[in-house]
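Participant:
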Amino acid sequence: IVELGRQSLADPDLPKKARAGQSEKINKCLRCNTCLEHTGSIRSLRCAINPEIGFERDAKIFRAASPKKRVLVAGGGIAGMQAAITAAQRGHDVMLCEKSDQLGGILKCERGVPFKKRLDEYLSRQATVLNELGVDIRLNTSATPEFAAKIAPEVIFAAVGAEPVKPNIPGIDGANVFEATKIYDNIDAAGRHVVIIGGGLSGIELTIYLRGLGHKVTMIEAMEKLVCDDAGMHLLAHSKALEQPGITLLRATTVRGITSDGVKISGADGDSFIAADTVVYAAGQKPRHAEAFALGDCAPEFYMLGDCVTPKRIFAATQTAWTLARDI
């Protein structure tokens with residue numbers, strides 16, 4: 426007997442694909458526990474990377490496009506890729522524009538992180554599916570209003586993502602200061618002792634990653650508790666990983682300034698200074714509303730998806746993209 430739990434949600438067709446020797450087409454479970462979280466909160470199964478789970482009745486009436494439309498997807502992140510895939514599966518003529526040189530959006534910076542391996546596989550598989558469906562992928566191309574005017578799409582999906590929030594802290598523009606996604610791309614810039622400003626999911630995972638590489642890390646959070654979802658297993662796993670030697674957590678602490686050799690802080694014990702080689706800020710993301718709104722009048726149908734609406738997790742991006750692209 427072979428038992429498959431979460432994997433059966435990520436891809437119910439796994440046995441057929443495995444038997445046919447199509448292992449590369451299997452949608453592998455991320456082990457993100459979205460399914461278990463929703464089972465506990467809404468008593469219904471959901472899957473971050475298979476939007477049909479929990480909506481099987483809707484999936485049964487997945488109709489071919491009539492009429493066929495020209496669809497422009499602005500942004501090649503999680504939401505943009507799923508919207509392009511679903512629209513193409515229905516038979517629409519789809520073009521996806523990504524302003525960088527690769528698909529994946531904000532999450533592509535984490536491809537080298539060991540505990541993000543499954544996410545990298547998912548992003549790669551989505552890119553493969555796009556190619557198999559014949560989606561016209563334009564890398565290094567911004568879907569501006571001028572570009573949209575040239576190709577005259579009938580539908581536009583704006584999935585242009587979000588951008589990092591830059592804290593208003595004296596010294597934030599110093600040469601030793603990096604935004605979280607930038608340090609992933611330039612890990613050699615991280616010195617022996619790193620201070621991370623922000624105790625959200627981004628700051629937590631970067632702390633664990635840097636500690637795994639041998640860095641000493643101090644994470645500073647202004648709130649009394651870390652700003653992480655309370656989905657049981659996530660919080661439990663993160664809390665355990667943050668207990669390892671070499672990681673210091675400072676809660677209810679405010680960063681007053683950054684210098685070339687550390688940060689000035691204020692906490693329960695008053696003002697103090699923490700020496701550090703590198704400072705990283707992970708203060709959240711803000712939607713690129715203006716960039717998305719600029720496309721609003723460029724097609725008869727216009728929809729906004731993913732982080733450019735509100736930064737959320739993978740499940741929200743794939744579910745919204747699948748639902749809207751299924752209905753055009």
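Residue numbers (our numbering): 426 to 753. Glycine included, C-beta positions come from ideal geometry on N, C-alpha and C. Treat the numbers as computed from the prediction; the structure is a model and nothing was measured.
Applying the 10 Å Cβ sphere with the 16-neighbour rule, what's the burial state of P440?
Facilitator: Counted from its first residue, the sequence shown places residue 440 at position 15. Exposed.
Participant: Express the C-alpha separation of Y634 and V538 in angstroms, rounding to a whole number.
Facilitator: Taking the first residue of the sequence shown as 1, we reach residue 538 at position 113. Taking the first residue of the sequence shown as 1, we reach residue 634 at position 209. The alpha-carbon atoms of V538 and Y634 are separated by roughly 7 Å.
Participant: Select from Q710, A435, L651 the residue whose C-alpha is nearest the C-alpha of V585.
Facilitator: Sequence index remark: in the sequence shown, residue 585 carries index 160 (1-based). Cα-wise, what sits closest to V585 is Q710.
Participant: Restricting to runs no shorter than 3 residues, where is the beta strand (DSSP E) found entirely within the region 473–537?
Facilitator: Listed in chain order, they are 495–499, 518–523.
Participant: Can you give me the start and stop residues for the beta strand (DSSP E) that E759 sits inside?
Facilitator: Outside the shown range of the chain, which is 426 to 753, sits residue 759, and nothing can be said about it.
Participant: Under the DSSP definition of a beta bridge, which residues are partnered with G695?
Facilitator: Stepping through the sequence shown from its first residue, residue 695 is reached at position 270. DSSP, once it has assigned bridges, lists G692 as partnering G695.
Participant: Whose C-alpha, out of V734, D722, A741, is nearest the C-alpha of F572?
Facilitator: The residue given as residue 572 occupies position 147 in the sequence shown. Comparing Cα-Cα distances from F572 to each of V734, D722, A741, the minimum goes to D722.
Participant: Excluding the five sequence neighbours on either side, which residues of its own chain have a C-beta within less than 7 Å of the C-beta of A666, listed in chain order?
Facilitator: Along the sequence shown, one-based indexing puts residue 666 at 241. Excluding positions up to five away in sequence, the list reads I633.
Participant: By the 10 Å Cβ neighbour count, where 16 or more other Cβ atoms means buried, how is D598 classified, buried or exposed?
Facilitator: If you number the sequence shown from 1, residue 598 lands on position 173. Result: exposed.
Participant: Using a threshold of 8 Å, state whether the C-beta atoms of T743 and I474 are closer than that.
Facilitator: Indexing the sequence shown from 1 puts residue 743 at position 318. Indexing the sequence shown from 1 puts residue 474 at position 49. Cβ distance < 8 Å, so T743 and I474 count as in contact.
Participant: Suppose only complete runs of 3+ residues qualify. What are the beta strand (DSSP E) ranges in the region 696–737, listed by chain order?
Facilitator: The qualifying runs are 703–706, 710–712, 726–729.
Participant: F540 lies in the beta strand (DSSP E); which residues open and close that run?
Facilitator: Here residue 540 refers to the residue found at position 115 when the sequence shown is read from its first residue. Run containing F540: none; DSSP gives neither H nor E here.
Participant: Give me, in chain order, the residues of the same chain whose beta-carbon lies closer than 6 Å to that of A717; leave out the 5 immediate sequence neighbours on both sides.
Facilitator: The residue labelled residue 717 in the question sits at position 292 within the sequence shown. So the list reads A583, V585, M729, C733, once near-sequence residues are dropped.
Participant: Can you check which of these residues, K575, I503, L521, G516, is closest to E546 by C-alpha distance?
Facilitator: One-based indexing of the sequence shown puts residue 546 at position 121. The candidate whose alpha carbon is nearest that of E546 is I503.
Participant: From the DSSP output, in three-state form, read off K442 for me.
Facilitator: On the sequence shown, residue 442 is found 17 positions in, with the first residue counted as 1. Reduced to three states, the DSSP call for K442 is helix.
Participant: In the DSSP assignment, find the unbroken beta strand (DSSP E) run with D561 in it and report its ends.
Facilitator: Along the sequence shown, one-based indexing puts residue 561 at 136. That run of the beta strand (DSSP E) goes 561–564.
Participant: Do you know how far the Cα of I621 is from the Cα of T684?
Facilitator: By 1-based counting over the sequence shown, the position of residue 684 is 259. By 1-based counting over the sequence shown, the position of residue 621 is 196. Their backbone Cα atoms lie some 14 Å apart in a straight line.
Participant: Hey, quick one: how far does the alpha helix (DSSP H) through R431 stretch, first residue to last?
Facilitator: As a working note, residue 431 is residue 6 in the sequence shown. Its alpha helix (DSSP H) spans residues 431–435.
Participant: Check the C-beta distance from E630 over to Y706 and give it rounded, since I have them as a contact under 8 Å.
Facilitator: On the sequence shown, residue 630 is found 205 positions in, with the first residue counted as 1. On the sequence shown, residue 706 is found 281 positions in, with the first residue counted as 1. The pair is not a contact, with the Cβ atoms about 15 Å apart (cut-off 8 Å).
Participant: Figure out for me which residue from I753, K575, L544, M644 has the closest Cα to the Cα of F740.
Facilitator: Mapped onto the sequence shown, residue 740 falls at position 315. That would be L544, whose Cα lies nearest to the Cα of F740.
Participant: Let me confirm a value: G682 is counted as buried when at least 16 other C-beta atoms fall within 10 Å, else exposed. Which label applies?
Facilitator: Working through the sequence shown from its first residue, we reach residue 682 at position 257. Burial call: exposed.
Participant: May I ask which residues mark the beginning and end of the beta strand (DSSP E) holding L631?
Facilitator: As a working note, residue 631 is residue 206 in the sequence shown. That residue, L631, is in no beta strand (DSSP E); its alpha helix (DSSP H) goes 626–637.
Participant: Short check: CB of G671 to CB of K641, under 8 Å?
Facilitator: In the sequence shown, the residue the question calls residue 671 occupies position 246. In the sequence shown, the residue the question calls residue 641 occupies position 216. Yes; because the gap between Cβ atoms is below 8 Å, this pair is in contact.
Participant: Should A489 and G516 be called a contact, given that it needs their Cβ atoms to be closer than 8 Å?
Facilitator: As a position in the sequence shown, residue 489 is number 64, starting the count at 1. As a position in the sequence shown, residue 516 is number 91, starting the count at 1. Their beta carbons are under 8 Å apart, which means A489 touches G516 by this criterion.
Participant: Helix, strand or coil for A583, going by three-state DSSP, please let me know.
Facilitator: On the sequence shown, position 158 is the one that residue 583 refers to. Three-state result, A583: strand.
Participant: Assuming contact is defined by CB atoms lying nearer than 8 Å, are T673 and S691 in contact in what I supplied?
Facilitator: Here residue 673 refers to the residue found at position 248 when the sequence shown is read from its first residue. Here residue 691 refers to the residue found at position 266 when the sequence shown is read from its first residue. Going by C-beta atoms, T673 is not nearer than 8 Å to S691.
Participant: If distances are taken between C-alpha atoms only, which option among E535, I699, S448 comes closest to G628?
Facilitator: By 1-based counting over the sequence shown, the position of residue 628 is 203. Among E535, I699, S448, the Cα nearest to that of G628 belongs to E535.
Participant: Nearest CA to the CA of A614: which residue from I531, N601, P725, I486?
Facilitator: Numbered from 1 along the sequence shown, position 189 holds the residue referred to as residue 614. Residue N601 is the option with its Cα nearest to A614.
Participant: Just to confirm, is the Cβ distance from A750 to A508 under 8 Å?
Facilitator: Here residue 750 refers to the residue found at position 325 when the sequence shown is read from its first residue. Here residue 508 refers to the residue found at position 83 when the sequence shown is read from its first residue. Yes, they are a contact pair.
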